[in-house]
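Numbering-wise (my numbering), the sequence shown opens with residue -3 and increments by one.
As C-alpha cells, the structure follows; a few thoughts come after it.
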Amino acid sequence: MCEFKEKQGGSAPAESAKLTIATIEGGNVIASMPEPGKGAEYFENALEATTFGKFNYLLILISGLILANVLLETLGISFVLPVSQCDLNLTIQQRGILSAIGFAGIISSSHLWGFLADTTGRRNIIRPTLLLGFVVTVLSSFATNFWLMVILRYINGFW
-3 MCEFKEKQGG SAPAESAKLT IATIEGGNVI ASMPEPGKGA EYFENALEAT TFGKFNYLLI
57 LISGLILANV LLETLGISFV LPVSQCDLNL TIQQRGILSA IGFAGIISSS HLWGFLADTT
117 GRRNIIRPTL LLGFVVTVLS SFATNFWLMV ILRYINGFW
C-alpha cells in the first residue's frame, strides 16, 4: 500500500490519503486501477473525448519534417566525405572523426536541451536551434580545412 500526502490548495493542512495499486493475496499479486481523483479523468477517456483531427495530422507532419531535417543533418556527412576526402586530404582516421563528431555534439548537449525544452517550452527551443543548425551547416559547407570542419560539425550536433 502506498501512502502520500495530498495538499489541498494554498496553505490548507495536508490530508493523509491511501492509494492501493496492488495487493498480494495467497502469493498472487492482484493489480487494481485507482479511481481518478476529483476533476481528473483516465488518459484513454480524455483521448476519446478530444478525438484525432487536423491539428494532430499537422503536428505529425511538422514533427516528421523536423525529424527528417535532424537525420539529414546528422547523417548527411556520409555523403560529403567521399567527395571531400580529396579536397581536404583526409585520412581514414579523419573521416572517422568527421563522421562521429556530430554525434559527440548530440551526446554532450542532449541533457541541456532536454532541460531547457522542459522548462521553457519545446517550441521556444526547436525554432532557434533549427535556425542555428541551418546557419552552421551552411558555414560548414565553406570549411577549407579539417579542424574547421570538425568544429562546425560538433557545433551542428550540439545545436
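Ideal Cβ placement from N, Cα and C applies to all residues, glycine included.
Backbone secondary structure at residue i - three-state DSSP
i    : result
A113 : helix
N24  : strand
T140 : coil
T46  : helix
E2   : Below a pLDDT of 50, predicted positions are generally treated as unreliable, and E2, at 46, falls in that range; no measurement from the model is reported.
A10  : Bear in mind that a pLDDT of 47 at A10, under 50, signals an unreliable position, so the model cannot answer this.
Rounded Cβ spacing between residue i and residue j (contact assumed at less than 8 angstroms)
i    : j    : result
G153 : A100 : 6 angstroms
I73  : S95  : 6 angstroms
L108 : V132 : Rounded, the Cβ-Cβ distance is 17 angstroms, inconsistent with contact.
G98  : T70  : 5 angstroms
L126 : N65  : 7 angstroms
Residue i classed as buried or exposed, judged by whether at least 16 other C-beta atoms fall within 10 angstroms
i    : result
W143 : exposed
E44  : exposed
I151 : buried
S137 : exposed
N141 : exposed
Residue i beta carbon near the ligand HEM (any heavy atom closer than 6 angstroms)
i   : result
A96 : You won't find the ligand HEM in this model; it holds no ligand whatsoever.
is_contact[residue i, chain B] using C-beta, thresh 7 angstroms
i   : result
N41 : As a matter of chain content, chain B is missing from the structure shown, which is built from one protein chain.
### Query
Which runs of the alpha helix (DSSP H), 4 residues or longer, sit entirely within the stretch 54 to 134?
Within the stretch 54 to 134, the complete alpha helix (DSSP H) runs of at least 4 residues are 73 to 83 and 88 to 116.
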